[in-house]
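Student: Residues in the sequence shown are numbered from 18 upward in steps of one, following the working numbering.
Sharing a structure here in structure tokens format.
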Amino acid sequence: MVEGVKLLKNNNEFKHDKDAVFKIFEELKELGLTKEKAFEVIWMLQEVVPLLPDYYEMCSECECIYNLSEGGEYVEDTQKFYCESCRPPSVEEADE
Ligand SMILES: [Zn+2]
């Protein structure tokens with residue numbers, strides 16, 4: 018379907034899971050999907066199939082894709098994910 022993408026587990030282009038997540042996200046946006054729709058597809062590849070690791074989330078503020086295991090968090094109050102730089106300051110205060 019997409020030129021240059023091979024469905025090989027050891028494809029050199031995808032040394033890390035992150036590369037595959039970002040590549041799919043970018044390709045879906047190029048096909049005209051909104052970021053929300055594109056991430057819905059990523060989510061299905063994480064939770065429904067599952068082919069991709071589930072620790073990649075989309076920040077509800079800046080809409081970037083980030084690795085939840087390296088930073089950022091899910092906020093129960095708002096039921097939203099935030100990357101490290103968009104984390105609401107009130108969350109850290111509430112933890113204390
Ligand atoms: Zn963010």
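All C-beta atoms, glycine included, are put in the ideal place defined by N, C-alpha and C.
(1) In the segment 28–110, which residue ranges form an unbroken beta strand (DSSP E) of at least 3 residues, counting only runs that do not cross its ends?
(2) Using a Cβ-Cβ cutoff of less than 6 Å, which residues in the same chain neighbour residue 88 once the five nearest sequence positions on both sides are dropped?
(3) Which residues in the same chain have their Cβ closer than 7 Å to the Cβ of residue 53, if we skip the five residues on either side of it in sequence?
(4) Kindly give me the distance between the Cβ atoms of residue 99 and residue 90, rounded to whole angstroms, as I take these residues to be in contact under 8 Å.
(5) Is it the case that the Cβ atoms of residue 59 and residue 73 are separated by a distance below 8 Å?
(6) Quick check: is any heavy atom of ligand 1 less than 7 Å from the C-beta of residue 73?
(7) Tell me the rounded alpha-carbon separation between residue 64 and residue 57.
Tutor: Reading from the atomic positions:
(1) 73–75, 82–84, 90–92 and 97–99
(2) Looking up residue 88 in the sequence shown gives position 71. Here the set comprises 101.
(3) In the sequence shown, residue 53 corresponds to position 36, counting from 1. Cβ within range, chain order: n/a, list empty.
(4) Taking the sequence shown and counting its residues from 1, the one referred to as residue 99 is at position 82. Taking the sequence shown and counting its residues from 1, the one referred to as residue 90 is at position 73. Between residue 90 and residue 99 the Cβ distance is about 6 Å, and since that is below 8 Å, they are a contact.
(5) Here residue 59 refers to the residue found at position 42 when the sequence shown is read from its first residue. Here residue 73 refers to the residue found at position 56 when the sequence shown is read from its first residue. Yes, Cβ-Cβ distance for residue 59 and residue 73 is below 8 Å.
(6) For the purposes of this step, residue 73 is taken as residue 56 along the sequence shown, with counting starting at 1. No, ligand 1 has no heavy atom inside 7 Å of this Cβ.
(7) Taking the first residue of the sequence shown as 1, we reach residue 64 at position 47. Taking the first residue of the sequence shown as 1, we reach residue 57 at position 40. Each residue's alpha carbon lies about 10 Å from the other.
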